[in-house]
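Protein chains in written order, with the numbering used here: chain P, 3 to 273; chain A, 2 to 314.
Each residue gets a CB set at the ideal place from its N, CA and C atoms; glycine is no exception.
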C-alpha cells in the first residue's frame, strides 16, 4: 500500500530522518499552541502561587496545597451542583430524545411530515462500489453459480423491499444506482423496473453508474473510452432502462424518449 | 372482487348512537405518537418557542414591569438602528464573526490536513489539539487573561520577546482588544472545525488519490482537484456553524473584556445583555436581538443557497 496516497497530503508516506524530524516539530508546535496553555494551567494548579499573572510549563515544587485550599472553600459542593445539573440535564435529554425518536421512527400519524421537516433526508445508494462489484439478481432467479469473480455484492428485489420499509419508516426518499460499469442491458432494465414498482414516489432518481472516468483505471471498460467518447454510449442503457426492456443501440442521431423518472449522473454528463 | 365474482360482505349491525367501530382505535393510534412526542414538544415550547414569540412581541413594546407594556410599533427598531453604540457593536460583531470564521476554518483545515491519518501518535496529537474546545469557556477566559497579561514579563509578551516582537497591550488597548478576543475564538474554534474536516477527508475515496497520482498529480494538485471538491459540502457546514458561532459570541467577550476597553469589543450580544438586564430596556434589547436573528437567518440562507448551487454544478 502506498502510504502517500492514504491521506490528502500523504505526509505519512514521507520517510527518512529529515521528514520525521519536520513532522515531529510540526506536531510539537501544534500541541504547544493548543494544549500548552492548558498544560500550563495544570502545572500551575500543582505549584505554589507566588504570582497569579505568571504561567509555566515546567513544574517546580509540586504541591497539592491549591487543591486543599479549594476543598476548604467548598469546591466539592460546587462540583456536586455541577454533577446534579449535568446529570439531570443529560437524563432528561436522553429520555425526551428516545421518546421523540420512537414516535418519529416507529409511528405513522397525521403531522409526521410536519415534525420530520427538521430531519427529512435523501438516501443515496450508489457510488464506485456499485460499478465495481455489485450484481442485480432478478426476482425468482438464483444468483449465478459460480459468481463472476468481480461480484462482491448481490442486490435483489427483496433488498429494495427492505429499503422501501426503511424509507416508509423514516419519511426519506432515495436515489439508487444501476450498475453501468459492468453494464448488462437485461439486468439494468429489470432493476430499473423493479425499483420503480417497489419504491414508487420514494425513488427520487436512478443513478446511471458512477464516475465513468474511473472505469479504465478499474479495468471495467477498455481504455479507448474517454470523456469525449463516452456520452455517445449513453443512449442504449438509458433507453432500455426507461422502457424496461433491453434495447439495441440506437443510431447516434436518435435521442431517447423522456425518462419516467429523473436519471442522474455523478459526472455531469448527459444521462 | 369483481374478478372473483363475489359480492362484498354486509357490514355488521351496530346499535343506534354508538360510535362506529374503529374510531376509538384510530383516535388512540393517532394520539399515541403525539404523546410520545409531547415531552420534546413541551420542552421546545417552554424554552424555545414561547421565549422567541415573547421576544418578538416585546420588540414592538415599551416593556414596563408591573405597569403593563405599551405598544410603540417600530420605535424600538428605529431607536436601536439609529444608536451609534449599536451600529458600532454591529460592526464589531461582523468583524469578529468574519475573523473567527475565516481564522478557525483556515486553521482547522491546516490542522486537519496535518493530523489526518490512522497512526496512533496522530490520535494523541488530535486529542491534545481538541482540548480547548472541550474546556469550559470560563476556564479559557481566565487562562487567556493570564496569557495576555500586558506586562513585559506576561506569558505571551515573553514568547513574542523570543522572536523579537515588542510588548503588546492585548486586551487592555482599544486598538488590539478585538483582535485579541478574535484570536481566542480562533484558538477555541479551530479544533472543532478540524474534527469536521477530518471526518470529511476520511470520506474521500482513496482510489481518486490513486487515479490523480497515476495522472502525475502531486500533493498540492491532489488537494486542489480531489480533496477540496470532495470537501465542498463540509465547507458549507463548517462556514454555517462557524458564522453562527461568531455572530452569537457572548461568553468569551463578557468574560474577557465585558465589551471594553472603551466599547472596543462591544458586540450585539453583550450590548443586548446590558440594555436588557442592566438598564432594563427590554423592548429595545429585544429589537436588537431580532436584528441579530434576521442577520443570522439571512446568512444561513445565503450559505445554504451557495451550497445547493455548488452541489448542482
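Q. Contact between the segment 58-75 of chain P and the segment 35-50 of chain P: three or more CB pairs below 8 Å?
A. Touching, yes, given that three or more Cβ pairs across the two stretches are closer than 8 Å.
Q: Kindly say whether residue 158 of chain P, judged by its beta-carbon, lies nearer than 8 Å to any beta-carbon of chain A.
A: Not a single CB atom of chain A sits nearer than 8 Å to the CB of residue 158 of chain P.
Q: Please list the partners that residue 98 of chain P has in chain A, where partner means a Cβ-to-Cβ separation under 7 Å.
A: 40, 41 and 44
(Q) Let's see if you can read the secondary structure: which residues bound the alpha helix (DSSP H) around residue 124 of chain P? (A) Taken as a continuous stretch (DSSP letters only), residue 124 of chain P belongs to no alpha helix (DSSP H), being part of the beta strand (DSSP E) at 124-127.
Q. Quick one: which chain P residues come within Cβ less than 7 Å of residue 118 of chain A?
A. Per Cβ cutoff of 7 Å: 8, 9 and 14.
**Q.** Nearest-angstrom beta carbon gap, residue 31 of chain A and residue 111 of chain P [assumed within contact, 8 Å]
**A.** 5 Å
Q: Report the residues of the segment 33-55 of chain P with a CB closer than 8 Å to any CB of chain A, ordered along the chain.
A: 33, 35, 36, 37, 39, 40, 42, 43, 54 and 55
(Q) At the level of alpha carbons, what is the spacing between residue 170 of chain A and residue 237 of chain A? (A) 36 Å
Q. Alpha carbon to alpha carbon, what distance is there between residue 144 of chain P and residue 154 of chain P?
A. Taking the straight line from one Cα to the other gives about 16 Å.
Q. Applying the criterion that 16 or more other CB atoms from any shown protein chain within 10 Å of the CB defines a buried residue, is residue 60 of chain A buried or exposed?
A. buried
Q) Per the contact definition of three or more C-beta pairs closer than 8 Å, is the segment 138-145 of chain A in contact with the segment 28-44 of chain P? A) yes
Q. From the DSSP output, which residues share a beta bridge with residue 177 of chain P?
A. P:126 and P:207
Q: Leaving aside the five residues before and after residue 196 of chain P along the sequence, list all residues of the same chain whose C-beta is less than 8 Å from its C-beta, in chain order.
A: 140, 141, 159 and 162
(Q) If distances are taken between C-alpha atoms only, which option among A:79, A:57, A:107 and A:39 comes closest to residue 290 of chain A? (A) A:57
Q. Any beta-carbon of chain A closer than 8 Å to the one on residue 199 of chain P?
A. no
Q) Where do the ends of the alpha helix (DSSP H) carrying residue 163 of chain A lie? A) 156-163
Q: Using the DSSP secondary-structure output, state which residues sit across from residue 136 of chain P in a beta bridge.
A: P:155
Q) So who's on the other strand from residue 72 of chain A, going by DSSP bridges? A) A:62
Q.
What ranges does the alpha helix (DSSP H) occupy inside the segment 17-88 of chain P, keeping only unbroken runs of at least 4 residues that lie completely in it?
A. 19-36, 38-47 and 67-74
Q: Starting from the C-beta of residue 116 of chain A, find all residues in its chain whose C-beta is less than 8 Å away, skip the five residues before and the five after it, and write them out in chain order.
A: Cβ within range, chain order: 123, 126, 127, 130, 195 and 199.
Q: Quick one: using the 10 Å Cβ neighbour count with 16 as the cut-off for buried, is residue 84 of chain P buried or exposed?
A: exposed
(Q) Between the alpha carbons of residue 160 of chain A and residue 40 of chain A, how many angstroms are there, rounded? (A) Taking the Cα positions, residue 160 of chain A is about 53 Å away from residue 40 of chain A.
Q: Using a Cβ cut-off of 8 Å (strictly closer), state whether residue 175 of chain P contacts chain A.
A: no
Q.
Is the beta carbon of residue 176 of chain P closer than 8 Å to that of residue 165 of chain P?
A. yes
**Q.** Exposure label - residue 38 of chain A; buried when at least 16 CB within 10 Å
**A.** buried
Q: Kindly list, in the order they appear in chain P, the residues whose Cβ is closer than 7 Å to that of residue 234 of chain A.
A: Within chain P, no residue comes near residue 234 of chain A; the closest Cβ sits about 12 Å away, beyond 7 Å.
Q. To which residues of the same chain is residue 257 of chain A closer than 7 Å at the C-beta, ignoring the five residues directly before and after it?
A. Answer for residue 257 of chain A: 142, 145, 146, 172, 182 and 185, listed in chain order.
Q: Could you list which residues in chain P have their beta carbon closer than 7 Å to that of residue 228 of chain A, in chain order?
A: Those within 7 Å of residue 228 of chain A in chain P are 10.
Q: Using a Cβ cut-off of 7 Å, pull out every chain P residue sitting near residue 214 of chain A, in sequence order please.
A: 7
Q | Element boundaries [alpha helix (DSSP H), containing residue 192 of chain P] | A | Residues 187-201.
Q) Shortest alpha-carbon distance to residue 202 of chain A belongs to which of A:174, A:178 and A:233? A) A:233
Q.
Tell me the rounded alpha-carbon separation between residue 63 of chain P and residue 52 of chain P.
A. 12 Å
Q: Decide if residue 94 of chain A is buried, meaning its Cβ has at least 16 other Cβ atoms within 10 Å, or exposed.
A: buried
Q) What three-state label does DSSP hand residue 177 of chain A in the structure shown? A) In the structure shown, the three-state DSSP call for residue 177 of chain A is coil.
Q: Could you tell me which of P:136, P:76 and P:30 sits nearest to residue 157 of chain P, measuring between CA atoms?
A: P:136
Q: Pull out every residue of the segment 169-184 of chain A whose Cβ sits closer than 8 Å to any Cβ of chain P, in chain order.
A: none
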